[in-house]
Amino acid sequence: MAKTDLTRQQKEVLKILADNPQGVDVRQIIHSLQAPPHKRTVQRWLTALAAEGHISVVGKGRATLYRLPTDQHDKLPPHR
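Quick note, our numbering runs 8 ahead of the 1-based positions in the sequence shown.
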C-alpha cells in the first residue's frame, strides 16, 4: 500500500508511541490525546498506520499493544 501524508491526529498518535517504546493499548492512546475522539476512530487510525508500516501491532483483542517499529523509534523527534 502506498504511504500517504499523515494527518495531525496520526502524528499525535506516533508521538505518543515514541514516548512509550514498550507499547500502549487503545485506551492509553485515547487518554493521552488532547481532544480524544471515539475509540473506533482511534482504532481506524491505528489500522491505517499499521497497514502503511508506521507502527507494529503486538497481541490480539484486549491485549493488543501498539508501538513504533524499532527502526522508526530513532527517527521521531522527542515529544515536548
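Each residue gets a CB set at the ideal place from its N, CA and C atoms; glycine is no exception.
Cβ shell of residue i (< 7 Å), same chain only, five flanking positions each side left out
i: Leu25; result: Val32, Ile63, Tyr74, Arg75, Leu76
i: Ile38; result: Pro44, Lys47, Val50
Integer Cβ distance of residue i from residue j, believed to fall under 8 Å
i: Glu20; j: Leu41; result: 6 Å
Sub-7 Å separation of residue i and residue j beta-carbons
i: Gln30; j: Trp53; result: no
i: Ala56; j: Val65; result: no
Top-ranked residue by Cα proximity to residue i, from the options
i: Val34; options: Asp79, Thr78, Ala71; result: Ala71
Residues near residue i in its chain [Cβ-Cβ closer than 6 Å; skip 5 each side]
i: Pro85; result: Residue placement at Pro85 is poorly supported in this model, since its pLDDT is 49, which falls under 50; the coordinates are not used for a value here.
i: Gly67; result: Leu73
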